[in-house]
Structures are given as C-alpha cells and as structure tokens.
Amino acid sequence: IQTLQKKISEGKHYNVAITHAAKKLVRLIYAMEKIRQTLHKNGITFSAL
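Just so you know, this note's numbering puts 88 at position 43 of the sequence shown, and the rest follows in order with no gaps.
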C-alpha cells in the first residue's frame with residue numbers, strides 16, 4: 046500500500062503504480078520462498094509455501 050501511495054504521489058498513472066507495487070510484492074514473496082522465511086506484520090503471519 047505504501048509503495049502504491051508513493052508512486053501515485055510521484056504523479057505516476059494508477060496502472061503504472063499498481064504494476065510497480067505488484068512486482069515488488071512478487072520479489073518479496075520469491076525472496077521469502079527462497080530462504081524459507083516467515084514474515085510477521087500487523088499481527089498477521091505470512092509464511093512461504
């Protein structure tokens with residue numbers, strides 16, 4: 046969400062901003078899967094498959 050808001054505030058078109066945020070999320074998920082890491086954020090636990 047922060048990435049999306051940042052890109053929109055930079056004047057990027059919504060589709061460009063959402064694509065950037067999605068790519069960043071995919072890179073994060075891949076990195077978590079690669080090292081088998083668990084992420085704890087805002088009381089929610091995300092773990093790699």
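Ideal Cβ placement from N, Cα and C applies to all residues, glycine included.
Note that this is a predicted model, so its numbers are computed, not measured.
For residue i, report the span of its alpha helix (DSSP H) as first-last.
i, result
"Lys79", "Tyr59 to Ile80"
"Ser46", "According to the sequence displayed, residue 46 carries Ile and not Ser. Counting along the chain, Ile46 falls outside any alpha helix (DSSP H), and DSSP gives it neither H nor E."
Just how far apart, CA to CA, sit residue i and residue j?
i, j, result
"Glu13", "Glu55", "Since the displayed the chain opens at 46 and closes at 94, residue 13 lies outside it and no answer follows."
"Leu49", "Leu70", "11 Å"
"Tyr75", "Arg81", "10 Å"
"Gln47", "Asn60", "15 Å"
"Leu73", "Gly88", "18 Å"
CB of residue i to nearest heavy atom of the ligand NAP: below 7 Å?
i, result
"Gly88", "Because no ligand of any kind appears in the structure shown, any question about the ligand NAP cannot be addressed here."
Since residue i and residue j should fall inside the 8 Å C-beta cutoff, what is the C-beta to C-beta distance between them, to a whole number of angstroms?
i, j, result
"Ala62", "Ile53", "5 Å"
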